[in-house]
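Here's the structure we're looking at; comments come further down.
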């Protein structure tokens, strides 16, 4: 399994619906990029200037909302993931 470093978070991106409410199937280029996902792994945190460790504010299993064009796409063991810095996460979805 991938283990993020620093304040990075590994997320399994949620699949968005490919049809409109009226039942029209959207081409892949017309679909919006998903903005939510499930946290799969969390780094230990960022080291502050005074040497203390600032923990990442999310936990494995949380569903999060993230910035639209942030993150890096990663393919590992046949699965697609995205890696984000903690500052690119906007909210925890409850």
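Residue numbers (this note's numbering): 1 to 94. Backbone N, C-alpha and C define an ideal beta-carbon position, used for all residues, glycine too.
Asked, Found
"Three-state secondary structure (DSSP) of residue 54", "strand"
"Residue(s) in a DSSP beta bridge with residue 73", "82"
"Contact test: residue 69 Cβ vs the ligand FMN heavy atom, cutoff 8 angstroms", "The ligand FMN is not among the ligands present in this structure, which contains no ligands whatsoever."
"Cβ contact (3+ pairs, closer than 8 angstroms) linking the stretch 80 to 94 and the stretch 51 to 68", "yes"
"Residue 79 versus residue 3: straight-line alpha-carbon distance, rounded", "15 angstroms"
"Proximity winner among 57, 77 and 88, relative to residue 68 (alpha-carbon distances)", "88"
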